[in-house]
Amino acid sequence: MNKTTLYATIIAIILMFVSLVSWIVDQMTFAILSANLGVVILAVATLWDNRNHLTK
1 MNKTTLYATI IAIILMFVSL VSWIVDQMTF AILSANLGVV ILAVATLWDN RNHLTK
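Residue numbers (this note's numbering): 1 to 56.
Laid out in structure tokens, this is it:
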């Protein structure tokens, strides 16, 4: 795992915790947006890191 993937994963995890806190304080729109952004960042980072193994 290179540094870029590691940083993207850390940002995605932070966004998940932000989503949880937003949900607790009843900010549903921000919670959904931050959770979805975290999932998208994590999916893109995972696919980008494994892009050479997908076609084999």
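No residue lacks a Cβ here, since even glycine has one placed at the ideal position from N, Cα and C.
Margin query: Looking only at its chain, what residues have a beta carbon closer than 6 Å to the beta carbon of leucine 42, apart from the 5 residues adjacent to it on each side?
Written below: Cβ within range, chain order: Ala12.
Note to self: Please classify leucine 6 as buried or exposed, where buried requires at least 16 neighbouring CB atoms within 10 angstroms.
What the structure shows: With a 10 Å radius around the Cβ and a threshold of 16 neighbouring Cβ atoms, leucine 6 comes out exposed.
Note to self: Using CA atoms only, rank isn't needed, just tell me which of Val44, Leu54 and Met28 is closest to threonine 4.
What the structure shows: Check the Cα spacing between threonine 4 and each of Val44, Leu54 and Met28: the tightest is with Val44.
Check: From alanine 31 to threonine 55, what distance separates their C-alpha atoms?
Finding: Rounded to whole angstroms, alanine 31 and threonine 55 show a C-alpha spacing of 35 Å.
Check: Taking the C-alpha atoms as reference points, what is the distance between tryptophan 77 and isoleucine 10?
Finding: The first residue shown for the chain is 1 and the last is 56, placing residue 77 beyond what the model contains.
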